[in-house]
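For the sequence shown, this note's numbering assigns the number 1655 to the last residue and increments by one with no breaks.
Single-structure report; data block below.
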Amino acid sequence: MPQFLKDNGQFCCWQYELRDGDKTKVPYTPGTTRKANVKNPATFTAFETAASATGYEGIGIRVHGGIVGIDLDHCIVDCKLLPWAQEIVDRFSATYIEVSPSGSGIRIFCLLPDSFIYDTQTYYIKKGDIEVYIPGHTNRFLTVTGNALTEADVAETAEALLWLLDTYMRRPTPPTPAVSVPGESYLSDEAVIEKASAARNGDKFRRLWDGDITGYKSQSEADAALVATLAFWCSGDKAQMDRLFRQSGLMREKWDTLRGADTYGNISIEKAVARMTDYYKPIIPRSAAEDFGVDRLKELDPMDSSKYPWNDIGAGHIFADFYQDRLRYVPERKMWFHYEGGIWQPDTGNLRAMLYCMELADLMYTFALEIRDEDKRKSYMKYASRWQSHSNRVNILKDAQVYHPIPYGSFDADIYIFNCKNGTLHIDTGEFTEHRSADLLTKISPVVYDPTAYSERFATYIDEIMSGDADRAKFLQKILGYGLTGDTRHECMTILYGVTTRNGKGTLCESVLKVLGDYGCASRPETIAMKSYTNGSQPSEDVARLAGVRFVNIPEPGKGMVLDAAKVKAMTGNDTLNARFLHENSFDFQPQFKIYVNTNFLPVINDMTLFSSDRIIIIPFDRHFDEQSRDTTLKRRFAEEGVQSAILNWLLEGYRLLQTEGLFLPKSVKDATDRYQHDSDKMALFFEDNLVADDTAEELTSTVYARYKGWCQENGSYPEGMKNFKQGLQAFAQVVRKRPKHGGEKTTMLIGYRLISEFDTPPLT
C-alpha cells in the first residue's frame, strides 16, 4: 500500500455480519466494539492502529480531503480482468490499484483536483458494478487489502476520472423543456430586475438578489432558486442569466469552479433552462393557429412603413395582402368572397371579412408585443391598438377593397375543372389535385371522385329508359356528359321528351343534378319562356344565378309555353351574357351551362331558325313504367355515395365519347327532332291544310291572312302579324305586288297557290 495512503488516510476495521440473511461488511473503530460512522471522522484512526488491531476480517478507509476511491465489482474472472475493467485500469495506470478482499474486484485510489467539484445531479455515485467514493458525497467506507495490482503511488488523474464519469456514471440528459424556450430575452437587464421585483413573489426574488439565503438549507439551494427565477424573466437567455447572477449578492467563486467538464454556474443555468415550464413573454398564451398567423404576418414585414404606412391605407393594404389567398373583393357583387371548404363563397353582410379583420387585429397586437426593441415595440403597439376599434376596422375593410379586387368573371374560368368533394378533377388532362384557392372555384360537387366506381343497376336503368336502343343510350350519355364541363361549342338545348308519365326522365335528371352539385341547378320554365312584358332595368336573377353553372334543368314546363327564341339563342350560344342580382351591379359572364328540359309537353316554337341552326335536340323517352315494372327505390339508390361516383364516371365517359366521336344524332333522336320541327312550323302546317298548288292561281295575301288567322284560332296558335306573315309566305311561294287578274289596283298577291274551299276533294293519303 502506498505510503501516501497510510499517512493521509483515515482507517477503520471491519467484519462480516448477517443482515436480513446476507453477509455485510460492518465498520468498527479499531480496538473497540463501537461501530465506525463515515460521517464521524473521530470513529476512524491512523493506519498503524487499524493494522495492529486483532479480531477483525480486515481494514477499511474513509475517503476525505482529496482522496477518491473507485470500486469495480465482479470484474475478475479466472484471474483475468474483464475487458471493460481492463480499459478502466489502463486509463488509471498512473495511480495505485489493488485487488478487493473477495478477489473478484479491484479498488482504484487517486487524488481529486483542487478545482473539481463532484456534481451528483450530473453523475451517479453508484451505477452497476462501479461505485465512486467522493469526499462529502458518500456515507460508505471502502475496504483495502494492500494486494496491489499496480505499484504506482496515489496520483492525481483528472483526465481519467472525468473520462470514467462521462463514460459510465453520467445521468441521463435532463428532459427537454415543457415549453419551447426562445433563448433570447424580451427585456433589458434593468427591466428583468424591475419586473422580477414587482412580481407576486418579488419579495423572495429581492432577498435572493441581495444575497439573503434565509429559508434555504444551503447556498447552493438558494443559487438554484435565483437561477430558476432569472430563467423565467430572461426567457431562457443563458448569457443574460449569467450576467445578472454575477451582479447578485449570491455571486461567489464557486460559480466558476469546474464540475467535470463544465463550471458550477453553467451547469446551474443549463438545469434551470431544461426544467422550465414557462417563460416571460409580453403576450397572452396563444394556439398553434395563432403562432402560424404571426409567422405569416412576419413574412409580410408589417413594420415596413414604405409598403404599409401606419395608417388606414397601410392597414387596408396589409389586410388585403394577408388574406389574399382566402378573401377577395368582387366589385360587381359589391361584397367580399371568402375561400372555405374548397370553394369561394359570397360573404353576405361582410361578416367573414370583419371576423378576419378582428383576427388580424389580434395578430397585429401579438406581433407588436414580440418586437425586441422596447421603443419600437411601444410605438407599434400604439398603432396596432387602433385595430381594436370597430370604426377603424370598418375603414380598414373599405380601404382594403382596392387591393387585389377580382372580377366576378374570373371565378370558374377554367371550363374543364370539376371540383369534387375529395379534390379537383381536371377533365382535359385527367389530373386530380387537392383543393386550391388559386383555382378560383365557386362550385363543388358532393361526389367523391373514384375512377373505379361502377353501378350495374344504373347501366341497366339507362338501357331500360332508352327502350334497349343502344345508339340512343350512347347519345344520351354523350349529351349529359357534355354538361360536366363549361364547353358550349355545340350550342344546343336538349329536350328529354316523353308523351307518357313515369318514363324515367325525371329520375335521371334528379340523379345527374345530385352528381353535379353546385355545377347544376333547376331553373323555372319562365327562364326561357316568352314574356308579355320585360323591363331591362329589373334584376335578372334567374340568369345571374347561372354564372359558373354547367347543367341547367328545366322540369315540366306548362302546356302551351312559348319559347323565347332570342333568349334561347343567347343562352345556348357563346355570346357574353349580362345579368345582375337584386341591389347589386350588373356583370358580364361567359355562359358555361347547357339547358336540359324534361317534359311531357313540348314548348311552342314560333321562330323556326331555332331548328335551322340546330339549337333544338329531342331525345324521346317512350317507355312507360307501370306499377308492376316501376322501381320506387331508384332515386334513393342512385343518391348513394358509391352510385353517385359511378354516375360521375358514366358522365365522364360520355364526354370522352363526345370528344372522340362528335355529336351525331342517332335515327331516333333525328326523327323526333324533325317531327318537332314539322309540328312547330305553323306556316308549313297552314299551307298543308289551306292551300293547294295551282300554276294558274293567285290569291290576295289579305284573303290568305284572314284564312290564316281563323286557322290559328281553331288550332290554338298565336297568329303572326301581317308583315311577318308575308315574310313567312315567301319561304313557300312567290309573293308579288301586282294587279289581280279580275282587275283592281295593285296589291300583294300569292302566286301559284289557291285556297282550298269546302267543295275541294281532299287529297288522297
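Cβ atoms here follow ideal geometry from the backbone N, Cα and C, with glycine treated the same way.
DSSP places residue 1256 within a helical segment (H, G or I) once states are collapsed to three.
Under the criterion of beta carbons closer than 8 Å, residue 1642 and residue 1587 qualify as touching, at roughly 7 Å. Residue 1508 and residue 1540 have their C-alpha atoms spaced approximately 21 Å apart. Within its own chain, the residues whose Cβ lies closer than 7 Å to the Cβ of residue 1616, once the five positions on either side in sequence are excluded, are 1591, 1625, 1638, listed in chain order.
Counting the other CB atoms within 10 Å of its CB gives residue 1608 a total below 16, which places it among the exposed residues. If you draw a 10 Å sphere on the C-beta of residue 1124, you find 16 or more other C-beta atoms in it, and that means buried.
The residue among 1348, 1347, 1306 with its C-alpha nearest the C-alpha of residue 1329 is 1306. Residue 895 is positioned such that its CB atom lies closer than 8 Å to that of residue 986. Assignment of residue 1151 by DSSP, reduced to helix, strand and coil, places it in the coil class. Per DSSP, the beta bridge partners of residue 903 are 918, 949.
Secondary-structure assignment with DSSP links residue 1434 through no beta bridge to anything.
The beta-carbon separation of residue 1493 and residue 1447, rounded to 6 Å, stays under the 8 Å limit for a contact.
Counting along the chain, residue 1081 sits inside the alpha helix (DSSP H) bounded by residues 1079 to 1088.
Going by beta carbons, residue 1286 and residue 1310 fall outside the 8 Å limit. In this model, residue 1162 and residue 1075 are separated by some 15 Å (Cα to Cα). In the three-state scheme derived from DSSP, where H, G and I count as helix and E and B as strand, residue 1141 is classed as coil.
In the three-state reduction of the DSSP assignment, residue 1361 falls in the helix class, which pools H, G and I.
The beta carbons of residue 1409 and residue 1548 sit no closer together than 8 Å. By the 16-neighbour rule on beta-carbons within 10 angstroms, residue 1300 is exposed. CA-to-CA, the gap between residue 1386 and residue 1203 works out to about 56 Å. In this model, residue 1284 and residue 1474 are separated by some 20 Å (Cα to Cα).
In chain order, 1145 place their CB closer than 8 Å to the CB of residue 1136, counting only its own chain and leaving out the 5 sequence neighbours on each side. Considering only 964, 1252, 1342, the residue with the shortest C-alpha distance to residue 1272 is 1252. Counting only runs that start and end inside the segment 1002 to 1049, the beta strand (DSSP E) elements of at least 3 residues fall at 1020 to 1023, 1032 to 1034. Distance check between residue 1213 and each of 1186, 1193, 1223 places 1186 closest, using alpha-carbon atoms only.
For residue 1644, the enclosing beta strand (DSSP E) has its first and last residue at 1637 to 1645. With a 10 Å radius around the Cβ and a threshold of 16 neighbouring Cβ atoms, residue 1570 comes out buried.
Under the 8 Å Cβ criterion, the segment 999 to 1010 counts as touching the segment 951 to 962, having at least three qualifying pairs. According to the DSSP secondary-structure assignment, residue 1569 is paired through a beta bridge with no residue. Counting C-beta atoms within 10 angstroms of its own C-beta, residue 1630 has fewer than 16 neighbours from the protein chains shown and is therefore classed as exposed. The residue among 1119, 1575, 1120 with its C-alpha nearest the C-alpha of residue 1605 is 1575. Bridge partners of residue 1322 according to DSSP: 1315.
Straight-line measurement puts the Cα of residue 1457 at about 33 Å from the Cα of residue 1357.
The Cβ neighbour count for residue 1359, taken over all protein chains shown within 10 Å, is at least 16; the residue is labelled buried.
The three-state secondary structure of residue 925, taken from DSSP, is strand.
Beyond the five residues adjoining it in sequence on each side, residue 1646 comes within less than 7 Å, by CB distance, of 1580, 1581, 1582 in the same chain, given in chain order.
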